[in-house]
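**Q** For reference, the structure I am asking about is given below.
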Amino acid sequence: MVDDKDDQALNEYLQGDSNLSRQYHAASKDTPPKHLDDAILAAARKSAGPHSRLLPSFMQQWGRPLKFAAVVVICVSLVIAIYDDEGHLLLTGPEKSLPDTTPLQPGDKSDQTLSSQAGEFIEQSNKDRGSTSEGQAAVVPSEPPPVDDSEKTAGKMIWEKKKQTDTRDALQKEQGVPPAKNRIEEESLDLMQEKPAPVLKRELSTPMITEQDVPSASGLVTGRNDSEWLTEISRLWQSGNTDQAVASLEKFLQVYPDYPHDELLKQLPEDFNPAEYIEGFDPD
Amino acid sequence: MEQPVSDEDLMLRYRQGDAAAFADLYERHKGGLYRYILRKCINHAHADELFQDVWVKLIAAKDRYEVRARFTTWLYRMAHNHCVDYYRRQSTTIGNLQAGAIAADELAARQSDQPEDGVERQQQADRLLQLLDGLPDEQREAFVLHEEAGMGVAEIAEVTGVNPETAKSRLRYAVRKLRQGLQSDG
């Protein structure tokens with residue numbers, strides 16, 4: 012019974028703020044003398060080392076900002092290094108894989124092949140780098156190449172490639188070997204066998220369309236210039252194939268949209284008035 | 042609101058060479074530890090010597106420090122062991138030092154410094170200290186550990202090296218005797 016009462020009193024006391032505790036703390040205020048404080052702190056400093064007071068407090072204050080700054084610097088350096096590497100890779104790819112700058116028509120089969128190869132190459136490059144950023148992969152190839160030495164280098168390589176191709180064609184002619192049907196098809200075959208550097212090709216090749224790549228009304232027309240094409244149209248018209256003549260003229264105007272209409276009319280038969288058949292054709 | 046750095050973190054920082062962390066730690070515990078030692082030996086001169094020894098031991102042991110328990114428990118256990126060793130070497134029991142250790146003139150000096158309206162309160166405080174000094178050493182130690190270091194029964198047992206029931210019993214007797222002593226005076 013007494014123990015229970017004592018236990019209760021003890022529990023109340025242990026919870027704190029008892030009258031006994033207040034009286035004790037009011038009575039007991041002894042502190043160590045100052046000389047002891049100084050001696051102990053001096054011993055602690057001595058044990059911690061000569062720079063102990065400065066270095067830890069400096070690190071406590073600036074440690075985290077410095078670590079963060081270091082991480083940022085490393086990340087930025089890595090991004091710049093990767094970007095530089097990629098630019099180098101894109102602008103100085105293997106010479107053999109550089110495609111000709113022969114203009115292509117959108118939708119051309121060989122152009123599609125090149126484009127898909129280009130996409131695959133970019134994807135592969137990004138995978139090789141461990142890049143997970145789709146934005147980067149999308150942005151880098153679509154940006155125009157900067158006008159600098161790299162572009163000059165690329166232009167020179169293209170010119171040299173063209174020179175090589177011309178020389179090869181001449182040799183083939185001399186040896187009686189029939190020339191390739193289509194230079195783009197030939198290059199496409201080359202590209203399928205070799206690792207391409209397609210981005211440069213896409214950037215440097217202007218999407219021009221020539222009449223050589225446009226099928227005429229009677230099939231593929233190759234090796235013609237504008238006046239020859241118009242002569243053929245005239246011939247079709249005069250031979251009574253008016254529909255074919257009009258269709259061919261429409262193709263002609265797609266290929267040469269800026270061809271002066273008055274010049275065009277001069278080369279067509281007098282009784283062929285394109286304005287009657289083609290919308291938007293203005294003879295003046 | 043920023044959390045205050047724990048004693049254990051301060052000690053770990055000091056182990057790594059941060060003397061400022063030790064200064065914080067010392068400021069937190071110097072009063073309580075000094076009074077604990079003073080209540081164990083009563084004599085101020087001995088208390089000063091023991092107090093300094095304990096901190097020097099702590100400084101020397103900093104490289105071996107690991108967070109296994111509360112820093113307070115570690116510190117007071119070190120102090121307890123050092124006091125026991127000290128008086129064992131002196132072939133003197135702590136109890137032998139109690140009698141007359143607090144000089145009557147010291148108590149009288151405390152009273153004379155107080156304003157008249159505080160005299161009664163001071164007399165009561167001095168009476169409490171006298172009652173405390175009259176307790177058996179183990180009971181007094183248990184009481185002081187609770188008051189100065191905020192320890193519960195389990196920690197008191199750990200510091201003094203006894204089982205919790207013993208520590209609880211000591212503390213219970215100490216509280217009962219002190220209350221009874223103050224009531225009989227009132």
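Listed in order, the protein sequences are those of chains A and B. Each residue of the first sequence is one higher than the one before, counting from 12 in this note's numbering. Each residue of the second sequence is one higher than the one before, counting from 42 in this note's numbering. C-beta: ideal position from N, C-alpha, C; glycine also.
Below 7 Å CB to CB, which residues in the same chain sit around A/TYR94 once its five sequence neighbours on both sides are set aside?
**A** Here the question's residue 94 of chain A lines up with position 83 in the first sequence. Nothing meets the Cβ criterion.
**Q** Taking only three categories from DSSP, how would you classify A/GLY27?
**A** On the first sequence, residue 27 of chain A is found 16 positions in, with the first residue counted as 1. Reduced to three states, the DSSP call for A/GLY27 is coil.
**Q** Might you give, ordered along the chain, the residues of its own chain that have their beta carbon closer than 8 Å to the beta carbon of B/SER47, omitting 5 neighbours on each side?
**A** Within the second sequence, the letter at position 6 stands for residue 47 of chain B. These residues qualify, in order along the chain: PHE112.
**Q** Determine, for A/GLY60, whether the minimum Cβ-Cβ distance to residues of chain C falls below 8 Å.
**A** Reference to chain C is not applicable here, since the protein chains of this structure are A and B.
**Q** Measure the beta-carbon distance from B/HIS123 to B/VAL95 and round it to whole angstroms, keeping in mind my assumption that it falls under 8 Å.
**A** The residue you call residue 123 of chain B lines up with position 82 of the second sequence. The residue you call residue 95 of chain B lines up with position 54 of the second sequence. That belief holds up - the Cβ atoms of B/HIS123 and B/VAL95 are roughly 5 Å apart, short of 8 Å.
**Q** How many Å lie between A/TYR270 and A/PHE263 at the Cα?
**A** For the purposes of this step, residue 270 of chain A is taken as residue 259 along the first sequence, with counting starting at 1. For the purposes of this step, residue 263 of chain A is taken as residue 252 along the first sequence, with counting starting at 1. Near 9 Å, if we compare the C-alpha coordinates of A/PHE263 and A/TYR270.
**Q** Does A/VAL40 come out as helix, strand or coil in the three-state DSSP assignment?
**A** On the first sequence, position 29 is the one that residue 40 of chain A refers to. Note that residue 40 of chain A corresponds to Lys in the displayed sequence, not to Val. Correct three-state label for A/LYS40: coil.
**Q** Taking B/PRO122 as part of the alpha helix (DSSP H), name the residues at either end of that continuous run.
**A** To locate residue 122 of chain B, count along the second sequence from 1; it is residue 81. For clarity, residue 122 of chain B is Asn in the given sequence; the question names Pro instead. Where B/ASN122 is concerned, the enclosing alpha helix (DSSP H) stretches over 112-130.
**Q** Taking Cβ positions, are A/TRP248 and A/PRO285 nearer each other than 8 Å?
**A** For the purposes of this step, residue 248 of chain A is identified with residue 237 of the first sequence, where counting begins at 1. For the purposes of this step, residue 285 of chain A is identified with residue 274 of the first sequence, where counting begins at 1. No; because the gap between Cβ atoms is not below 8 Å, this pair is not in contact.
**Q** State the DSSP-derived secondary structure class of B/VAL108, mapped to helix, strand or coil.
**A** Residue 108 of chain B sits at position 67 when you count from the first residue of the second sequence. In the structure shown, B/VAL108 sits in coil (DSSP, three-state: anything other than H, G, I, E or B).
**Q** Around the C-beta of A/TRP240, are 16 or more other C-beta atoms found within 10 angstroms, so that it is buried, or is it exposed?
**A** What you label residue 240 of chain A is simply residue 229 of the first sequence in a count that begins at 1. When all chains shown are included, A/TRP240 counts as buried.
**Q** To be precise: take each residue of the stretch 93-112 of chain B, compare its Cβ to all Cβ atoms of chain A, and keep it if any distance is under 8 Å. Which residues remain?
**A** Cβ contacts with chain A come from GLN93, TRP96, VAL97, ILE100, ALA101, LYS103.
**Q** Using the Cα positions of A/GLU23 and A/SER29, report the straight-line distance between them to the nearest angstrom.
**A** For this step, residue 23 of chain A is matched to residue 12 along the first sequence. For this step, residue 29 of chain A is matched to residue 18 along the first sequence. Taking the straight line joining both Cα atoms gives about 7 Å.
**Q** Please report how far the alpha carbon of A/GLN278 lies from the alpha carbon of A/SER238, in whole angstroms.
**A** Taking the first sequence and counting its residues from 1, the one referred to as residue 278 of chain A is at position 267. Taking the first sequence and counting its residues from 1, the one referred to as residue 238 of chain A is at position 227. Each residue's Cα considered, the two are about 8 Å apart.
**Q** With A/LEU279 as the anchor, note down where its alpha helix (DSSP H) starts and where it stops.
**A** For the purposes of this step, residue 279 of chain A is taken as the residue at position 268 of the first sequence. Counting along the chain, A/LEU279 falls outside any alpha helix (DSSP H), and DSSP gives it neither H nor E.
**Q** Could you give the distance in angstroms between the alpha-carbon of A/SER32 and the alpha-carbon of B/ASN84?
**A** Working through the first sequence from its first residue, we reach residue 32 of chain A at position 21. Working through the second sequence from its first residue, we reach residue 84 of chain B at position 43. Those two C-alpha atoms are separated by around 23 Å.
**Q** According to a CB-to-CB cut-off of less than 7 Å, which residues of the stretch 63-85 of chain B neighbour chain A?
**A** Result list: PHE63, ALA64, TYR67, LYS71, GLY72, TYR75, ARG76, LEU79.
**Q** Along chain B, which residues have their Cβ under 8 Å away from the Cβ of A/SER32?
**A** Counted from its first residue, the first sequence places residue 32 of chain A at position 21. Those within 8 Å of A/SER32 in chain B are GLU188.
**Q** In angstroms with no decimal places, state the Cα-to-Cα distance between B/LYS98 and B/GLN164.
**A** Your numbering for residue 98 of chain B matches position 57 in the second sequence. Your numbering for residue 164 of chain B matches position 123 in the second sequence. Straight-line Cα distance between these residues: approximately 37 Å.
**Q** Could you tell me how far apart the beta carbons of A/LEU21 and B/LEU212 are, in whole angstroms, since I believe they sit closer than 8 Å?
**A** Walking along the first sequence from the start, residue 21 of chain A turns up at place 10. Walking along the second sequence from the start, residue 212 of chain B turns up at place 171. About 6 Å; that satisfies the 8 Å criterion.
**Q** Taking B/PHE63 as the reference, give the member of A/ASP48, A/GLN265, A/PHE292, A/HIS36 with the closest Cα.
**A** For this step, residue 63 of chain B is matched to residue 22 along the second sequence. Of the candidates A/ASP48, A/GLN265, A/PHE292, A/HIS36, the one whose C-alpha sits nearest the C-alpha of B/PHE63 is A/ASP48.
**Q** Span of the alpha helix (DSSP H) holding B/GLY72?
**A** Numbered from 1 along the second sequence, position 31 holds the residue referred to as residue 72 of chain B. Counting along the chain, the alpha helix (DSSP H) containing B/GLY72 begins and ends at 60-82.
**Q** I'd like to confirm something about A/ALA80: is its beta-carbon nearer than 7 Å to some heavy atom of the ligand GTP, or not?
**A** The ligand GTP is not part of the structure shown, which contains no ligands of any sort.
**Q** In three-state terms, what does DSSP make of B/MET52?
**A** To locate residue 52 of chain B, count along the second sequence from 1; it is residue 11. Here B/MET52 sits in helix by DSSP.
**Q** Determine the direct distance from the alpha carbon of B/ALA190 to that of A/GLN310, and round the result to whole angstroms.
**A** Look at the range of chain A in this structure, 12 to 295, and you will see that residue 310 of chain A is not part of it.
**Q** Please decide whether A/ASP17 counts as near chain B, where near means a Cβ-Cβ distance under 8 Å.
**A** For this step, residue 17 of chain A is matched to residue 6 along the first sequence. Yes, contact with chain B.
**Q** What are the boundary residues of the alpha helix (DSSP H) that B/VAL95 is part of?
**A** For the purposes of this step, residue 95 of chain B is identified with residue 54 of the second sequence, where counting begins at 1. B/VAL95 -> alpha helix (DSSP H) spans 85-101.
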